[in-house]
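Chains as they are written, first to last, in numbering that gives the first Met the number 0: chain A, 0 to 256; chain B, 0 to 256. Built from N, CA and C at the ideal position, the CB exists for glycine as well. Note that the structure is a prediction, hence the values are computed from the model and not measured. Worksheet: the structure to be examined is printed underneath.
There are 2 protein chains.
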Amino acid sequence: MQISLALTTFAEKKWNMATKGQYTYEYPHPAVTADCIVFGYDGKELKVLLIKRGKEKDASTTAYVGEWALPGGFLDVEKDKTIAHTAARELKEETGLKLSVKDFKEVGTFSDINRDPRERVITVAHYALVKLAEVKAATDAEKAEWYSWKDIPHLAFDHDKILRVAFSKLKQNIHFEPVGFELLSEVFTLPQLQNLYESILEVKFDRRNFANKMKHYEILSEVEDDTPRHGTRTPIKYRFDKDNYDRLKSNGFQLEF
Amino acid sequence: MQISLALTTFAEKKWNMATKGQYTYEYPHPAVTADCIVFGYDGKELKVLLIKRGKEKDASTTAYVGEWALPGGFLDVEKDKTIAHTAARELKEETGLKLSVKDFKEVGTFSDINRDPRERVITVAHYALVKLAEVKAATDAEKAEWYSWKDIPHLAFDHDKILRVAFSKLKQNIHFEPVGFELLSEVFTLPQLQNLYESILEVKFDRRNFANKMKHYEILSEVEDDTPRHGTRTPIKYRFDKDNYDRLKSNGFQLEF
DNA sequence: AGCATTATGTGTATTTTTTACACAAAATAT
DNA sequence: ATATTTTGTGTAAAAAATACACATAATGCT
């Protein structure tokens, strides 16, 4: 085989194909993966999309078979434009859920030297928020399953830790980002919105204060309902006023709760 | 050469040494680097530590020779416990500045497919804050130089972008982190502290309101000065009250400006 | 069917926080 | 010597956050 090729400096070639499917470098390289933490909300509870690890093409390259894990996979060095593209591609391959690259927000890098038993693997975790409707649609993917935040099983690798960090990022970002927009369906009720904020921030709010604050921002508009509500028990339906929301956001808007 | 070795699955071996200094994998792997954005404050201006890229051992592996860049370098797959260890190690090697691994805060991953002309390189950017005294001490390293934030030259690779993102992270984090602690010397004045906050947040504060707010937190204690101030023009010296600061922080304290 | 329970909508007074604002003294610059 | 700049200090007004209670309709239970 072409040993001479293997001896070229890596400045001349990105990699050398010494034999079919073999890639050679002058210094050791880690593998890089993207993992996805997909949060959903069914109107009652915060959920996370997990997959069951199975045997892949080559069983020997698969670790933690049969355990639950975050969706994710290896960077395609030649095709993935960014690591977020890896996240989007792998999520679709593993769960059928098709999200845009810009829906992924970076959580952080996890690089502990022994986090993967096979070789050195650095993973970049990303979270994404999906609307209630998509939560229901995606639930029937074979290996993928939505778990309630309060009922997450033990996960493979260091995914427990990654999930905790992702949740705390979400908790931080809820102050600056339109989390309601992204997790609720287009039409929603104030109790749902409040419950969502309470689930993520892990606190309880006074109903009146929450409603006052939200109304003060002027980002909610009432949806006229065909079935005219005669009772207080049937919650009023709202949708987000996107114009007002965007205007506020571009002015450095900051949701405080 | 040892083609047979190269054909072992990567589950059996992390990498295969096909020839001296050659590492082989079944799929292409990216190189991974850590880059450091080291912020300093000289009492007047926010500064950033940059290095001038020179010829390394092997000139052909070096890109952007002669340009300014962020300190940083390749992950040592076998030795660096985490990518933050890479950052700390490379910063010391390149600038002489010796920081603890926990001083580095992750900024994010930069993974554009063509960001490095040599091969696919994913970098994980980290920022660190150093005290005024260390800024002065480190200034005499050969290749390294402190640049005023307002006067940064064009940088190699995508380091301009990385620096912008790092700064905006710092700007966000100043609301939750003891930035003053880490960037000022032990004894400082209120005008210095205010100027630091103004430099990072890019706003101006009213002097009285700033002082009131800071005093309200009870994290400043006045330093008795040998030269007794007879004039208002000589600013009062303070140090941080670490006990009060830590207590506030563990209670979920949040500096708002 | 009737009754109990639960979920929803709504307004105001109090407290806390934020903001706006001016002058006198000492150091420095001219 | 004079002008300019820097610093320290307190209060009143506005805005925001918090605490709090009752009436109504849907649902659940027997």
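- With respect to the 7 angstroms criterion, Val-37 of chain B and Leu-45 of chain B are not classified as neighbours on the basis of their beta carbons.
- For Val-47 of chain B, the enclosing beta strand (DSSP E) covers residues 45-51.
- Under DSSP, Val-129 of chain B forms a beta bridge with B:Gly-39.
- For chain B, the residues of the segment 69-81 of chain A that bring a beta carbon within less than 9 angstroms of one of its beta carbons are Phe-73, Leu-74, Asp-75, Val-76, Glu-77, Lys-78, Asp-79, Lys-80, Thr-81, in chain order.
- Legend: CB atoms of the segment 96-110 of chain A lying less than 7 angstroms from CB atoms of chain B belong to residues Glu-105, Gly-107, Thr-108, Ser-110.
- In summary, the residues of the segment 110-138 of chain B whose CB is separated from some CB of chain A by less than 8 angstroms are Ser-110, Asp-111, Ile-112, Arg-117, Glu-118, Arg-119, Ile-121, Val-123, in the order they occur in the chain.
- Checking the DSSP bridge columns, you'll see Lys-104 of chain B partnered with B:Tyr-126.
- In this structure, the beta-carbon distance from Asn-243 of chain B to Glu-221 of chain B does not fall below 7 angstroms.
- Closest option to Thr-122 of chain B, judged by alpha-carbon separation, among B:Ile-235, B:Glu-133, B:Leu-131, B:Glu-105: B:Glu-105.
- Within the model, the alpha-carbon separation for Ser-167 of chain B versus His-174 of chain B is close to 12 angstroms.
- DSSP places Leu-219 of chain A in the uninterrupted beta strand (DSSP E) bounded by 219-221.
- The Cβ-Cβ distance between Val-76 of chain A and Arg-114 of chain B does not fall below 7 angstroms.
- Beta-carbon to beta-carbon, Tyr-126 of chain B and Ala-87 of chain B are separated by about 13 angstroms, too far to satisfy the 8 angstroms threshold.
- Note on Asp-34 of chain A: 16 or more other CB atoms within 10 angstroms of its CB, so buried under the neighbour-count rule.
- CA-to-CA, the gap between Asp-240 of chain A and Leu-219 of chain A works out to about 5 angstroms.
- Contact between the segment 79-95 of chain B and the segment 81-99 of chain A is not established, with fewer than three Cβ pairs separated by less than 8 angstroms.
- Pairwise C-beta distances place the segment 59-71 of chain A in contact with the segment 141-156 of chain A, as three or more of them are shorter than 8 angstroms.
- Taking a 10 Å sphere around the C-beta of His-215 of chain A, we find fewer than 16 other C-beta atoms and assign the residue as exposed.
- Looking from the CA of Leu-74 of chain B, the closest CA among A:His-28, A:Lys-78, A:His-158 belongs to A:His-28.
- When DSSP states are grouped into helix, strand and coil, Thr-231 of chain A belongs to the coil group.
- A direct Cα-to-Cα measurement between Leu-192 of chain A and Gly-39 of chain A gives close to 13 angstroms.
- Rounded to whole angstroms, the separation of the alpha carbons of Tyr-22 of chain B and Gln-21 of chain A is 10 angstroms.
- The beta carbon of Asp-159 of chain A sits closer than 7 angstroms to the beta carbons of His-153 from its chain, once the five residues preceding and following it are set aside; these are given in chain order.
- Distance from the Cα of Gly-107 of chain B is smallest, within the candidate group B:Pro-234, B:Thr-32, B:Leu-131, B:Glu-92, for B:Thr-32.
- Here Val-134 of chain A carries a helix assignment [DSSP, helix/strand/coil].
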